[in-house]
Structure formats: C-alpha cells, structure tokens
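Below is one structure, written out as structure tokens; comments come after it.
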Amino acid sequence: MGTLFKPTDRQLVHDRRSRRVGVYMGTLAGRYYLRPEHGGCEWAAQPVDVEPVCPPLEYANPAGAPRGSVASTYR
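Using my numbering, the letters of the sequence shown correspond one by one to residues 172 to 246.
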C-alpha cells in the first residue's frame, strides 16, 4: 500500500468518491474534512479518496512561455 496524501491546511483537493472539489479543513477520527471552495457545508472523506487538485494545463504552461518550451512547441 502506498503513502496517503496528506493535504496542508486550506489546500484545494479532489474527493474521488464524491466527485467534488473542496478545501481541506482538518482531520478528525481518521477522516479528512472538506468544505466547498466558495463556502458551504463540510463533508467527511476517507483519506484514500483524496488527491491534490492539479492546476489546469493552460496555467502550468502559459501562452507567453519562452520559445522552445512545452507551451510554444504545441501551438
């Protein structure tokens, strides 16, 4: 079994089981508590179901990237 992902406080995460994105609020009794990004009711998630949210590709490789970079190669 691999190492569980442990989010940092207020990190944006994805709950694979519920198919929701939320902000990590803390851990209680072995469950991660998440809240919708723009407010709302918390929900509990199993740590094995939680993963980090990756930035969209357009932000990872902006259009103004230097010549020869991945972004400029695939235009």
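A virtual CB, placed ideally from N, CA and C, is assigned to each residue, including glycine. If you're wondering where the values come from, they're calculated on a predicted model, not measured in any experiment.
According to DSSP, residues forming a beta bridge with residue i
| i | result |
| --- | --- |
| residue 216 | 203 |
| residue 193 | 184 and 207 |
| residue 223 | 184 |
Three-state secondary structure (DSSP) of residue i
| i | result |
| --- | --- |
| residue 245 | With a pLDDT of only 48 at residue 245, under the threshold of 50, the placement of this residue in the model should not be trusted, and no figure is reported. |
| residue 198 | strand |
Check whether residue i and residue j have beta carbons under 9 Å apart
| i | j | result |
| --- | --- | --- |
| residue 179 | residue 203 | no |
| residue 199 | residue 216 | no |
| residue 222 | residue 185 | yes |
Whole-angstrom C-beta distance between residue j and residue i, which should lie under 8 Å
| i | j | result |
| --- | --- | --- |
| residue 219 | residue 183 | The pair is not a contact, with the Cβ atoms about 18 Å apart (cut-off 8 Å). |
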